[in-house]
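The next block holds one structure in the form of structure tokens; read it before the comments.
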Amino acid sequence: MSESPQFMCAICLEEGHEEFGELHPCRHKFHKECIRRWHTGAIDLKCPTCRIESDSLSYNFAGRHDIDLKTGFKIKTVIDYQNTRPPNDEVRR
């Protein structure tokens, strides 16, 4: 008899028996790596399932780890902006 899954990840659509993250405040669960990749490429911090703005993510493995998503997202935005260049690689003065 197979063990019943804890959840189904809405990003990869696979059952979840491994490490997962839970978004707050909506509490939807996703594989840890799936939600990390989702938010890395996202232009916002909305939940992939309900589209509510997420403010933190709890990873439930080896204890509970809470991550403030908004701080990380702001840092990513600054880094992305710093890596942009003018269209012709020249700064006009």
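Using UniProt numbering, read the sequence shown as starting at 1 and increasing by one per residue. The beta carbon of each residue, even a glycine, is placed where N, CA and C say it ideally should be. A quick note: this is a predicted structure, and the numbers were derived from the prediction, not measured.
Item	Value
In angstroms with no decimal places, state the Cα-to-Cα distance between S54 and H24.	6 Å
By the three-class DSSP mapping on this structure, what secondary structure does H39 have?	helix
Could you please give me the residues that DSSP links to H24 through a beta bridge?	S56
Would you report the Cα separation of R51 and C26, rounded to the nearest angstrom?	9 Å
Is the Cβ-Cβ distance between L13 and I35 less than 9 Å?	no
Using a Cβ-Cβ cut-off of 7 Å (strictly less than) and excluding sequence neighbours within five positions of R37, which residues of its own chain qualify?	none
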